[in-house]
Amino acid sequence: MSEEHDGHLRATYNEIHALIGKAAERIEKEYAPDLFVAIGGGGFFPARVLRTFLKHPQSKKNISIQAIGLSLYEELPTTTEEQMANEVVRTQWLGPETKTLLGRKVLIVDEVDDSRTTLQYAVRELQKDVEKELLVALAGT
Numbered sequence: 706m707s708e709e710h711d712g713h714l715r716a717t718y719n720e721i722h723a724l725i726g727k728a729a730e731r732i733e734k735e736y737a738p739d740l741f742v743a744i745g746g747g748g749f750f751p752a753r754v755l756r757t758f759l760k761h762p763q764s765k766k767n768i769s770i771q772a773i774g775l776s777l778y779e780e781l782p783t784t785t786e787e788q789m790a791n792e793v794v795r796t797q798w799l800g801p802e803t804k805t806l807l808g809r810k811v812l813i814v815d816e817v818d819d820s821r822t823t824l825q826y827a828v829r830e831l832q833k834d835v836e837k838e839l840l841v842a843l844a845g846t
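If you want our numbering, it's the 1-based position in the sequence shown plus 705.
In structure tokens, the structure reads:
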């Protein structure tokens, strides 16, 4: 990796792949997820590379990647100037094919976490989905 005059590190594809592989070892030991939720658009690439290294804990098959669309810095047709970089805008959410989050070990994946705003939003909203699923499950018993 090389550091540029702006203080940012520049990594090659192979370096990024190796770094994700190293992170995958730790993730597997400490968490062993069975579902990736990638925050689009930046989370798609690291989620896909993670799937190269991590397999489903029981079946040893590929771990499913589901996508959510969240925008913090992107200008969208409905985004106001006040919202830019201050408010997370949901552009896509999990569909019915995900079936359930209840009892799943979900790893939320994004490429940058500079303010924690987007990740906090994702965690909070996914927790709400789990709470709704739990209420439905309890009502059915």
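We put the CB at the ideal spot given by N, CA and C, even for glycine.
_Burial state of Leu807, where buried means 16 or more other Cβ atoms lie within 10 Å_ = By the neighbour-count rule (16 or more Cβ atoms within 10 Å), Leu807 is not buried but exposed.
_Arg809, DSSP secondary structure in three states_ = Coil.
*Would Thr717 be called buried (16 or more neighbouring beta carbons within 10 Å of its own) or exposed?*
exposed
*Give the secondary structure of Ile768 by DSSP, where H, G and I count as helix, E and B as strand, and everything else as coil.*
Three-state DSSP puts Ile768 in coil, outside helix and strand.
*Where do the N-terminal and C-terminal ends of the beta strand (DSSP E) with Thr796 fall, by residue?*
794–797
*asked:* So, for Lys760: in the same chain, excluding its five sequence neighbours on each side, which residues have a beta-carbon less than 7 Å away from its beta-carbon?
replied: Lys766, Asn767, Ile768
*Going by the CB atoms, is the gap between Lys810 and Pro751 shorter than 8 Å?*
no
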